[in-house]
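Once you know that position 174 of the sequence shown is 175 in this note's numbering, the rest is easy, because the numbers rise by one and skip nothing. Yeah, the Cβ is synthetic: ideal placement off N, Cα and C, and Gly gets one too. What follows is a set of notes on a single structure, which appears directly below.
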Amino acid sequence: MFKTTGKFKYRALMLMAALGLSAAGQSALAHTRLKTPVINENAAAFGSDYNAAVIGHGCTNPVTGAVDVDVIGTVVVFPDGKDSIITVGGTPHTGSLADFVTNWGNPVTKIQDRSIFDYEDYIKDSLGNKLGFWTGGGKGLKGGFRAVVPFATAGVVINEASCAKSVTFVLGIADICQITDVAGINAETVNVWAPAVGSVYDGSPTRHGYDSPATLTVNRSITPLPESCGAGVDVVVKPSANQLDRDLRINFDGKQIWPQ
Ligand SMILES: [Cu+2]
Numbered sequence: 002m003f004k005t006t007g008k009f010k011y012r013a014l015m016l017m018a019a020l021g022l023s024a025a026g027q028s029a030l031a032h033t034r035l036k037t038p039v040i041n042e043n044a045a046a047f048g049s050d051y052n053a054a055v056i057g058h059g060c061t062n063p064v065t066g067a068v069d070v071d072v073i074g075t076v077v078v079f080p081d082g083k084d085s086i087i088t089v090g091g092t093p094h095t096g097s098l099a100d101f102v103t104n105w106g107n108p109v110t111k112i113q114d115r116s117i118f119d120y121e122d123y124i125k126d127s128l129g130n131k132l133g134f135w136t137g138g139g140k141g142l143k144g145g146f147r148a149v150v151p152f153a154t155a156g157v158v159i160n161e162a163s164c165a166k167s168v169t170f171v172l173g174i175a176d177i178c179q180i181t182d183v184a185g186i187n188a189e190t191v192n193v194w195a196p197a198v199g200s201v202y203d204g205s206p207t208r209h210g211y212d213s214p215a216t217l218t219v220n221r222s223i224t225p226l227p228e229s230c231g232a233g234v235d236v237v238v239k240p241s242a243n244q245l246d247r248d249l250r251i252n253f254d255g256k257q258i259w260p261q
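Laid out in structure tokens, this is it:
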């Protein structure tokens, strides 16, 4: 048992090392992603839901083209599960998220941290559910460095009657380098990592990071798939355009400061 685990870990490390080496020439393209993008179902009790958004690089320097402009704040939003866009094996699903996940609603807890930014607060729905957070201000993230912005996710419970073998939540993230209005959003002012679902944050298909969001995949690991499911299905949950327009923003002291 331990031997197998050890061998597996060793192989995984070697694979990661190989990937790291082969990707070295493209490290400037490391988009903002979650530190642990794949977790098991209802893993909260085991601590494996401690996670982080990793800001891979800054905004684009218009002179050099390098993505090394300082980041002054970031916003991270999970789908609310109410008007979210759900697909099952790539096919649109007209039912609710509860068909696949029984406890979605309050997905994220920020882990307090002032190592990069001085301020942080939640993005909540009208019921007080924490759908995301923003953090910003202070010295910020210096160009050429990466930031690890820590948070925890709630244990996700997959509907045992469903055929879901995994549920992937697609996030909306904005790494802000310059405060602008929506019209001023471009690769030099903000790196937006969000699904292109028709929100004001879609931007141009040629923009760096267009339709290239961070994701959190939850693998079914508690209840067995019903036999009638066969191999099971992969479910994807994206925030709606309405939700991104409403929630991907920074409110500070009762005032919206980004976008302006
Ligand atoms: Cu990138």
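Please confirm whether residue i and residue j have their CB atoms less than 9 Å apart.
i: Ala195; j: Asp212; result: yes
i: Gly129; j: Phe79; result: no
i: Asp114; j: Thr136; result: yes
i: Ile56; j: Val39; result: no
i: Val234; j: Cys164; result: yes
i: Ile177; j: Thr33; result: no
i: Val236; j: Val158; result: no
Is any heavy atom of ligand 1 found at a distance shorter than 8 Å from the C-beta of residue i?
i: Asn243; result: no
i: Asn41; result: no
i: Gly231; result: no
i: Asn192; result: yes
i: Ala31; result: yes
i: Ile58; result: Contrary to the premise, residue 58 reads as His rather than Ile in this sequence. The answer is yes for His58.
i: Val55; result: no
i: Ala68; result: It should be pointed out that residue 68 corresponds to Val in this sequence rather than to Ala. Yes - ligand 1 has a heavy atom lying nearer than 8 Å to the Cβ of Val68.
i: Gly90; result: no
i: Gly210; result: yes
Who are the near neighbours of residue i in its chain, counting only those whose CB is closer than 6 Å to its CB and skipping five residues on each side?
i: Gly138; result: Phe118, Asp119, Tyr120
i: Pro214; result: Val171, Leu172, Trp194, Ala195, Pro196
i: Lys131; result: Asn107, Val109, Tyr123, Lys125
i: Ala242; result: Val198, Gly199, Ser200
i: Thr61; result: Val68, Ala188, Glu189
i: Gly144; result: Gly59, Asp69, Val70, Asp71
i: Gly1; result: A question about residue 1 goes unanswered here, because the residues of the chain that appear run from 2 up to 261.
i: Val89; result: Val234, Val236
If we ignore side chains and look at the alpha-carbon of each, how far apart do residue i and residue j end up?
i: Gln261; j: Ala44; result: 38 Å
i: Gly156; j: Ala175; result: 25 Å
i: Phe253; j: His209; result: 28 Å
i: Ala67; j: Ala162; result: 49 Å
i: Phe170; j: Leu245; result: 14 Å
i: Thr110; j: Ile86; result: 23 Å
i: Asp248; j: Ile124; result: 7 Å
i: Ser28; j: Ser229; result: Residue placement at Ser28 cannot be trusted, given a pLDDT of 45 that sits under 50; what the coordinates show is reported in the next sentence. Roughly 44 Å separates the two Cα atoms.
i: Thr37; j: Lys256; result: 33 Å
i: Asn203; j: Asn192; result: Correcting the residue identity first, residue 203 is Asp in this sequence and not Asn. About 11 Å.
i: Trp259; j: Ala53; result: 22 Å
i: Arg250; j: Gln179; result: 13 Å
i: Val149; j: Ala31; result: 13 Å
i: Asp50; j: Thr154; result: 5 Å
i: Ser23; j: Ser127; result: Bear in mind that the predicted position of Ser23 carries a pLDDT of just 39, short of 50, making it too unreliable to give a figure here.
i: Arg147; j: Gly141; result: 11 Å
i: Glu42; j: Thr216; result: 15 Å
i: Val77; j: Leu35; result: 10 Å
i: Gly185; j: Thr207; result: 16 Å
i: Ala232; j: Asn220; result: 13 Å
Looking only at its own chain, which residues have a Cβ that is under 7 Å from the Cβ of residue i, when we skip the five neighbours before and after it?
i: Thr218; result: Pro38, Val39, Ser167, Thr169
i: Gly26; result: With a pLDDT of only 39 at Gly26, under 50, the local geometry of the prediction cannot be trusted, and the value read off the model is given with reservation. Excluding sequence neighbours, Gly26 sits near nothing in its chain.
i: Ile112; result: Pro151, Phe152, Ala153
i: Asp84; result: Ser241, Asn243, Gln244
i: Thr95; result: none
Does any heavy atom of ligand 3 sit closer than 8 Å to the C-beta of residue i?
i: Thr92; result: Within the structure as shown, ligand 3 is missing, the only ligands being ligand 1.
Using C-beta distances below 8 Å, list every residue in its chain close to residue i, excluding the 5 sequence neighbours before and after it, in chain order.
i: Pro93; result: Ile86, Ile87
i: Ser205; result: Tyr211
Q) Would you call the region 221-235 and the region 54-65 touching, i.e. three or more CB-CB distances under 8 Å? A) Contact fails: fewer than three Cβ-Cβ distances are below 8 Å.
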